[in-house]
Amino acid sequence: MTRVRLRGIYTTALTRRLLDEGHDVVQASPPIRERFEAELDATPRDVWLTDTDARQGIGVSGPSDAVEDVLADLRVGRDTLVWADPAPAGAVFEGHVTDALGSGAVVALDEPAAPRLEDIPFHGVDAEGFLPYDDADGYVDEGDQVRVQVHEPAPPWADRRPQVSTAIEIGGGLVSLARDRSDVRADVSGERGTELVRTTEMLPVDAPDGWGIRWERSAADAEIGRLGDALDRIGDRAERLEDTLGDAPDTPDADSRIAAPNATAWCWFGRESRRELDGIRRDVTATMAGHHRIKAGDRSASDAVDFVEAVCEPTGEFPFTAVADQFGPHEGDRVGLGHGKPDGRLIQLGRGEVTAIDGDRLTLRREMRSAGTYDALGTERVRGDVAITKLVEGRWWYPTIYRGEDGKRKGTYVNICTPVELFPERARYVDLHVDVIKRPDGTVERVDEDELTAAVDAGYVSEALAEKARSVATAVENAL
Numbered sequence: 001m002t003r004v005r006l007r008g009i010y011t012t013a014l015t016r017r018l019l020d021e022g023h024d025v026v027q028a029s030p031p032i033r034e035r036f037e038a039e040l041d042a043t044p045r046d047v048w049l050t051d052t053d054a055r056q057g058i059g060v061s062g063p064s065d066a067v068e069d070v071l072a073d074l075r076v077g078r079d080t081l082v083w084a085d086p087a088p089a090g091a092v093f094e095g096h097v098t099d100a101l102g103s104g105a106v107v108a109l110d111e112p113a114a115p116r117l118e119d120i121p122f123h124g125v126d127a128e129g130f131l132p133y134d135d136a137d138g139y140v141d142e143g144d145q146v147r148v149q150v151h152e153p154a155p156p157w158a159d160r161r162p163q164v165s166t167a168i169e170i171g172g173g174l175v176s177l178a179r180d181r182s183d184v185r186a187d188v189s190g191e192r193g194t195e196l197v198r199t200t201e202m203l204p205v206d207a208p209d210g211w212g213i214r215w216e217r218s219a220a221d222a223e224i225g226r227l228g229d230a231l232d233r234i235g236d237r238a239e240r241l242e243d244t245l246g247d248a249p250d251t252p253d254a255d256s257r258i259a260a261p262n263a264t265a266w267c268w269f270g271r272e273s274r275r276e277l278d279g280i281r282r283d284v285t286a287t288m289a290g291h292h293r294i295k296a297g298d299r300s301a302s303d304a305v306d307f308v309e310a311v312c313e314p315t316g317e318f319p320f321t322a323v324a325d326q327f328g329p330h331e332g333d334r335v336g337l338g339h340g341k342p343d344g345r346l347i348q349l350g351r352g353e354v355t356a357i358d359g360d361r362l363t364l365r366r367e368m369r370s371a372g373t374y375d376a377l378g379t380e381r382v383r384g385d386v387a388i389t390k391l392v393e394g395r396w397w398y399p400t401i402y403r404g405e406d407g408k409r410k411g412t413y414v415n416i417c418t419p420v421e422l423f424p425e426r427a428r429y430v431d432l433h434v435d436v437i438k439r440p441d442g443t444v445e446r447v448d449e450d451e452l453t454a455a456v457d458a459g460y461v462s463e464a465l466a467e468k469a470r471s472v473a474t475a476v477e478n479a480l
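Each residue of the sequence shown is one higher than the one before, starting from 1 at the first, in the UniProt record's numbering.
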């Protein structure tokens, strides 16, 4: 049994799923405790789950065996994609500064510090961190060697680097320890915070020498026995980390892999997976169609979704038109193409103008700003060419037609992908490599299927998802 702490828009659905699979959900928020009519006690957690940037999925962190145990129950659909992070939460690196920016330094983390997760590959983004100058112990500059710890890992599709610090900490949900400190603090306001600090002296265990104590907000609801257990467990972890750090060489050519007390994995939920999560949540409480899809698309929509579910029993299909009318995209907006890759990376294909919206169909016009060659088509790309992309919410493919300034067609490229989601600022999907092209002379060809096979062999794409991609490509090829 793995003890899991959850936060974010997927909490209700994933709490239901994890409880059904025999896991223990701990440190639950009051609404979740009420919703499940269960204690869901404030006990120390093994694994913690949180929303990722832009709410596209979740991050899962904890000891590698516990993370593996939980991940097995988080693949809720064909388009749930999972990657291990080479720079997981709490990992300590001997890195070197590659760039000094205005507010901090970029630190290369050359060797993956993460323990391997069985059958889950590392994502394809370079392991490097961002060290804010305020979090650095002294002055840092390009070329410096620096020992850092990952405090805030980042999903591979985020437009930020993992945040690192020269301070060494260990988190545990109820209590955290900070190295080279000796004080006791509490992230709880008022009398309860003062009480927690005073209670520390009555516990049967102490923090290891040289480690300061910080009680987290969740500790406010915990019994004194739980507090002692939490401090005892985290103290053992601190001593193990201290031993590891003490054994690490302190030389300029030191191996970057020093310590990895946790593993971190990222789960990206596609449209099918979000719909599956809606169904799981609906078994617990009122849930409108598209609940997770809407909340993932726009933060301001969360209150609207909550209001609808509070005042009525929602029925019907996902109301895309109503959602788009309220939150976007709208005709005349500039929308990007968030071209996800199976290894977790996100490539921005550029922004274009929405020239038409018809129900759940959107037409996007982009003007080419550089010369070159169109991939696979082999035709010349000239500055001023126009790309017309037709996107349909929920469809497993979309076409882009390329034309010159004179209107002459230069070819059609049909991208096979996970179901398209038309969010207010960009369309989002994961490219599944295999594509279909139509050249200016009318010949049709299927391309890059070998890349899809390689992605399956590497563990990035499941065989079920690959088979769907191949069947879609066949249908598109026959239609063209």
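For glycine and all other residues, C-beta sits at the position ideal for the given N, C-alpha and C. Keep in mind it's a predicted model, so treat the numbers as computed, not measured.
Option nearest residue i by Cα separation, candidates the options
| i | options | result |
| --- | --- | --- |
| Gly316 | Leu81, Ala220 and Ala286 | Ala286 |
| Ala38 | Leu101, Val26, Trp48 and Gly378 | Val26 |
| Ala296 | Val284, Asp53 and Ala127 | Asp53 |
| Thr11 | Cys417, Pro44, Gly22 and Gly57 | Gly57 |
| Val82 | Ile357, Val447, Arg345 and Glu393 | Arg345 |
| Val47 | Glu467, Ser64 and Gly372 | Ser64 |
| Ser471 | Ile416, Glu421, Asp457 and Leu131 | Ile416 |
| Arg7 | Gly22, Ser61 and Glu21 | Ser61 |
| His292 | Phe307, Asp283, Thr264 and Glu276 | Glu276 |
| Val197 | Pro204, Asp206, Arg185 and Ala207 | Arg185 |
| Leu14 | Gly104, Arg274 and Pro155 | Arg274 |
| Arg147 | Ala464, Ile258 and Glu94 | Glu94 |
| His433 | Trp397, Ala324 and Pro424 | Trp397 |
| Asp141 | Ile294, Leu71, Ala220 and Gly104 | Gly104 |
| Asp333 | Phe423, Glu405 and Leu40 | Phe423 |
| Arg369 | Asp457, Ala356 and Arg351 | Arg351 |
DSSP-derived helix/strand/coil call for residue i
| i | result |
| --- | --- |
| Glu367 | strand |
| Gln326 | helix |
| residue 489 | Nothing can be reported for residue 489, as the shown portion of the chain is limited to 1 through 480. |
| Thr52 | coil |
| Lys295 | helix |
| Ser176 | strand |
| residue 486 | Because the chain in this structure spans residues 1 to 480, residue 486 falls outside the shown range and cannot be described. |
| Ile170 | strand |
| Gly59 | strand |
| Ile213 | strand |
| Gly394 | coil |
| Val140 | coil |
| Asp333 | coil |
| Gly8 | coil |
| Phe307 | helix |
| Glu425 | coil |
Burial state of residue i (16 or more Cβ within 10 Å)
| i | result |
| --- | --- |
| Ala387 | buried |
| Met1 | exposed |
| Asn478 | exposed |
| Phe318 | buried |
| Ser189 | exposed |
| Gly172 | buried |
| Thr413 | For clarity, residue 413 is Tyr in the given sequence; the question names Thr instead. Under this definition Tyr413 is a buried residue. |
| Ile347 | exposed |
| Asp99 | exposed |
| Val164 | buried |
| Lys408 | exposed |
| Ile437 | buried |
| Val335 | buried |
One or two residues paired with residue i in a DSSP bridge
| i | result |
| --- | --- |
| Cys417 | Asp431 |
| Ile437 | Tyr413 and Glu445 |
| Val146 | Gly95 |
| Trp83 | Trp266 |
| Phe36 | Beta-bridge pairing links Phe36 to no other residue. |
Host beta strand (DSSP E) of residue i (start-end)
| i | result |
| --- | --- |
| Thr400 | Trp397 to Arg403 |
| Phe130 | Glu128 to Pro132 |
| Ser165 | Gln163 to Ser165 |
| Val107 | Gly104 to Ala108 |
| Ile258 | Arg257 to Ala259 |
| Ala230 | Segment Ile224 to Asp247 is the alpha helix (DSSP H) holding Ala230; no beta strand (DSSP E) there. |
| Val184 | Val184 to Ala186 |
Endpoints, alpha helix (DSSP H) assigned at residue i
| i | result |
| --- | --- |
| Ile280 | Arg271 to Arg282 |
| Leu346 | Segment Leu346 to Asp358 is the beta strand (DSSP E) holding Leu346; no alpha helix (DSSP H) there. |
| Glu467 | Glu463 to Ala479 |
| Arg70 | In the sequence as displayed, the identity of residue 70 is Val instead of Arg. First-last of the alpha helix (DSSP H) with Val70: Ser64 to Leu71. |
| Arg192 | Gly190 to Thr200 |
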